[in-house]
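Here full-length UniProt numbering is used: the first residue of the sequence shown is 1, the next is one more, and so on. The structure under discussion appears below in the form of structure tokens.
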Amino acid sequence: MLQFESIQKTCVEMIVHQWLSVSTCLQTMVTAEELDLMTLHHKAQALALWEFSKVKETDAFLELPVGYIEKYLGNDGLNVTQGEFEVFEAGLCWLQDKPEERKECVLRILDCVRFADIPLSDIKTMLLYPVIGENTEYVQIVQSIIYIKGGKKPEELFSIDEYDVRTQTSRDSLEIDEGVLFSEEINSASEQKKAKQCSCSSKKDKVQVYVERLKIINSCCCCTSVEETTVPVKDGEVFVETSHPTDSEIHEEDHIRFTVATVTAARRLLSTPS
């Protein structure tokens, strides 16, 4: 047994001094872990983390399984020399190497990126990358990050669709302020009676406006007597409004629609420890 351990130690030292390099460290790291050669694993990992800027350009990096790419890019010891955006670009290269096979791994890669450490201008450029820009879900998550990182609170900007309001299990998940009342029976007929009808005399559909800041609005193009500013939305949508702007002050970015899941994902990515 002692002789075997001595031979093993000699082999590890030989690998470290004669074979371990930037191009082989990732393969060595994975193989050593599988063989439970932890001394060799740690040495290979240390080299891979320190030489990240070079290692990410190797073929071995592109061949890493998703579990290992997560552990590697998410490691606190990763030596990032060009900023956290470098990690995002490395993850993107890995995704694009096998796009069809890895298209379901995008969020797992984004979880490795410390968005809190990336300048807002760089986050905006992420929308230009096809992996992000061609997927509505990822676009909305990045847009959510942009608004939150820009100083907006989720409850100040985001509308939540009716399905998410009905199925939301916690009122605190988005820290909605006390002025917005999420009724547990929002879909019941009795709650709908709280709405007040607009006073126009037209026979066209009426606009229903909730007394609180939570509004459900149907189609009406003739109302002029409703005191509160109303913004038409699609039937069945629930709209969370945070201010009372005039018509000229309403801009597209003031009323961005994101689901609870989207905002939650954005907040999680921003809270990744730096």
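Think of the CB as a built atom: it goes at the ideal place given N, C-alpha and C, for glycine as much as any other residue.
Test item: CB-CB of residue i and residue j under 8 Å
{"i": "residue 44", "j": "residue 20", "result": "yes"}
{"i": "residue 134", "j": "residue 113", "result": "no"}
{"i": "residue 146", "j": "residue 120", "result": "yes"}
{"i": "residue 50", "j": "residue 79", "result": "yes"}
{"i": "residue 66", "j": "residue 39", "result": "no"}
{"i": "residue 149", "j": "residue 270", "result": "yes"}
{"i": "residue 62", "j": "residue 93", "result": "yes"}
{"i": "residue 60", "j": "residue 37", "result": "no"}
{"i": "residue 68", "j": "residue 30", "result": "yes"}
Environment of residue i [buried if 16+ CB atoms lie within 10 Å]
{"i": "residue 262", "result": "buried"}
{"i": "residue 35", "result": "exposed"}
{"i": "residue 266", "result": "buried"}
{"i": "residue 4", "result": "exposed"}
{"i": "residue 240", "result": "In this prediction, residue 240 scores a pLDDT of 38, lower than 50, which makes its location untrustworthy; the coordinate-derived value is nonetheless stated afterwards. So residue 240 ends up on the buried side."}
{"i": "residue 14", "result": "exposed"}
{"i": "residue 56", "result": "buried"}
{"i": "residue 140", "result": "buried"}
{"i": "residue 41", "result": "buried"}
{"i": "residue 115", "result": "buried"}
{"i": "residue 118", "result": "buried"}
{"i": "residue 28", "result": "buried"}
{"i": "residue 7", "result": "exposed"}
{"i": "residue 81", "result": "exposed"}
{"i": "residue 9", "result": "exposed"}
{"i": "residue 17", "result": "exposed"}
Limits of the alpha helix (DSSP H) - the one that residue i falls within
{"i": "residue 19", "result": "Per DSSP, residue 19 belongs to no alpha helix (DSSP H) and is neither H nor E."}
{"i": "residue 266", "result": "260-270"}
{"i": "residue 129", "result": "It is not in any alpha helix (DSSP H) - residue 129 carries neither H nor E in the DSSP assignment."}
{"i": "residue 98", "result": "Here residue 98 belongs to no alpha helix (DSSP H), and DSSP marks it neither H nor E."}
{"i": "residue 61", "result": "59-62"}
{"i": "residue 69", "result": "66-73"}
{"i": "residue 123", "result": "120-125"}
{"i": "residue 108", "result": "106-110"}
{"i": "residue 116", "result": "Segment: none, residue 116 is in no alpha helix (DSSP H) and carries neither H nor E."}
{"i": "residue 152", "result": "Residue 152 -> no alpha helix (DSSP H), and no H or E assigned at all."}
{"i": "residue 39", "result": "38-50"}
CA nearest to the CA of residue i, picked from the options
{"i": "residue 142", "options": "94, 93 and 123", "result": "123"}
{"i": "residue 107", "options": "117, 86, 125 and 137", "result": "137"}
{"i": "residue 53", "options": "90, 131 and 10", "result": "90"}
{"i": "residue 86", "options": "110, 130, 97 and 103", "result": "110"}
{"i": "residue 260", "options": "144, 82 and 88", "result": "144"}
{"i": "residue 99", "options": "126, 130 and 82", "result": "130"}
{"i": "residue 132", "options": "152, 151, 95 and 101", "result": "95"}
{"i": "residue 58", "options": "32, 264 and 24", "result": "24"}
{"i": "residue 97", "options": "16, 77 and 64", "result": "64"}
{"i": "residue 102", "options": "70, 17 and 126", "result": "70"}
{"i": "residue 126", "options": "264, 151, 88 and 152", "result": "88"}
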